[in-house]
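In the numbering used here, the protein residues as written are 866 to 1204.
Glycine included, every Cβ here is placed at the ideal spot set by N, Cα and C.
A quick note: this is a predicted structure, and the numbers were derived from the prediction, not measured.
Contents: one structure, followed by commentary.
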Amino acid sequence: DERYLFLRTILEVLHSRGFLNDSASSAAPLSGEEEQLLFHCVTGLRHVILFRWDSFHSSLRTCVRDFLLNVGLGLSFIDSGVGPSGVVCLPRTVAMACLSGAASLWKRGWVAGNDSDGVQESEEQSYVEKMTRNAIPHMQRIGKGEDLFVYLNSLLLAPFEEAMQQHQQQQLIYQKRYIGTMSASFLSLLVGEFTGGNSSARYNLPVEFHRSCHRVFEHGNHGDQSGLDATLHLSMTALSSLVGYVLNNTSSNTLQDQSLMEFGTCIINVTFDVLSWEFGAGSNKWDFSSGANVSAKDSGRGGVLLRPPQKWREVLIRPDFLGAVFHVYTAVRIGVAGG
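Structure follows, in structure tokens:
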């Protein structure tokens, strides 16, 4: 892809359908052919960058990573009318492909030294990068992993802000929930990349690279907070906010709100993904090179063994929170039975 046709095609299709901030028109649904084209272009773009990592300047790799994340989260078109009265958003297959691509690129550059510049930026790379940034003028640019978690935390908590619930229109609440839902989905994909069990990406790197990423994501690097701990904090904070919101809004309409249920389900899923982490996983448990868990044949035993470390105790064992969780569970069951 020496002419960057994958990226150019993505930009052209998204722009023509109003899914980029620089588009003059409102977002319009994609045709089936456009959806397939975008999906294959996104996965192709991810493949090319991962396989030819050192052929691209770090600024272009970062630009593509941030672009895919912004598009996948819905931030590139959120002003175009996301809401129940007229849902105009990217098909989930395309959005998840973008988030998966962003997660893979984050993993590739996660360990110190893996994101160094291999080449000097060419004129064409510079042009493509400028074109991509101009497509989303206010694109969120994220530097380090710590910045990523701070940003995602703000997106996960935005739907529960009291001021927003009281003063903003219902459609904006649904927009925030949509972005929150996709943010939680991205976190699940990110954790899946580092576990090595849920990834469809091919990195063209030895097994040791994946083991190193797994180790650094679990323990941190050079005093930095581990990505796993940061994800746990985000998911538990969002879960607490979700529980508090449901307890304060126990009407049947709240419990049957599809956008809230989908958002809550994604928060619970990422929490489960973190708690299911294989601590200290070694070569006898994981086959990172194939992207699959070699223990998958044991998955039929009926559950997952949770082994959180001692340092998570104060986060997980909170009687007031656990009691609230069971309160919500009971309310949801009653609401579903009554509905």
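Which same chain residues end up closer than 6 Å to residue i when comparing Cβ atoms and leaving out the 5 residues on each side of it in sequence?
i, result
"C1131", "T1046, A1049, S1050"
"E899", "V878"
"F1025", "S1106, Y1110"
"D1138", "S1053, V1056"
"F942", "F884, A892"
"K1041", "A1023, P1024"
"T1060", "none"
"T1136", "S1100, L1104"
"S1077", "V976"
"C906", "F871, T874, I875"
"N1114", "none"
"Y869", "V993"
Let me make sure I understand the geometry here. Which of the options has the alpha-carbon closest to that of residue i?
i, options, result
"L1017", "E988, D931, C1078, Q985", "D931"
"T927", "W1177, N1114, E994, R1067", "E994"
"N935", "I1038, R998, Q990", "R998"
"Q985", "F921, S896, S1106", "F921"
"D1089", "G1061, K1009, R1076", "K1009"
"L1099", "Q1040, V1180, T958", "V1180"
"L970", "R1080, L915, L955", "L915"
"L1125", "Q901, L1112, Y1039", "Y1039"
"T958", "L925, L902, N1086, V929", "L902"
"S924", "G897, T1136, Q990, I1182", "Q990"
"I875", "S1019, S1141, N1113, L910", "L910"
"F1128", "S1141, L1140, N1114, L1104", "L1104"
"R1067", "F904, W918, S896, R868", "W918"
"E988", "I1182, S1019, E867", "E867"
"A968", "S1019, T908, L1020", "T908"
"V1020", "V1081, T1102, L1112", "The amino acid occupying residue 1020 in the given sequence is Leu; Val does not appear at that position. L1020 has its Cα closest to that of T1102, out of V1081, T1102, L1112."
"H1079", "G897, E1058, L1112, S896", "E1058"
"I1001", "S896, L955, P956, V929", "V929"
"S896", "Y869, H912, L955", "L955"
Under 7 Å: does the beta carbon of residue i sit that close to some heavy atom of the ligand COA?
i, result
"T1102", "For the ligand COA, the structure offers nothing, since it holds no ligand at all."
Which same chain residues end up closer than 7 Å to residue i when comparing Cβ atoms and leaving out the 5 residues on each side of it in sequence?
i, result
"P894", "V953"
"L1093", "F1082, E1083, V1139, W1142"
"F904", "T958, V959, A962"
"W1177", "L1097"
"Q1123", "none"
"M996", "L876"
Tell me which residues share the same chain as residue i and place their Cβ nearer than 8 Å to its Cβ, disregarding the 5 neighbours each side in the sequence.
i, result
"L1013", "W971, I1007"
"F1005", "The question names Phe, yet the displayed sequence has Gln at residue 1005. Cβ neighbours of Q1005 beyond the five flanking positions: D931, L934, N935, L940, Y1016."
"E1011", "D1089, Q1090, A1095"
"I1133", "L1104"
| query | Whole alpha helix (DSSP H) runs in the region 870–923 with 4 or more residues, listed along the chain? | reply | Runs of the alpha helix (DSSP H) inside the region 870–923: 870–881, 897–916.
| field | Contact the region 957–968 vs the region 1070–1084: 3+ CB pairs below 8 Å | value | No, because fewer than three Cβ pairs between the region 957–968 and the region 1070–1084 fall closer than 8 Å, the two stretches do not touch.
| task | Tell me the start and end of each unbroken alpha helix (DSSP H) in the region 1037–1069 that is at least 4 residues and wholly inside, in chain order. | result | The qualifying runs do not exist here; there are none.
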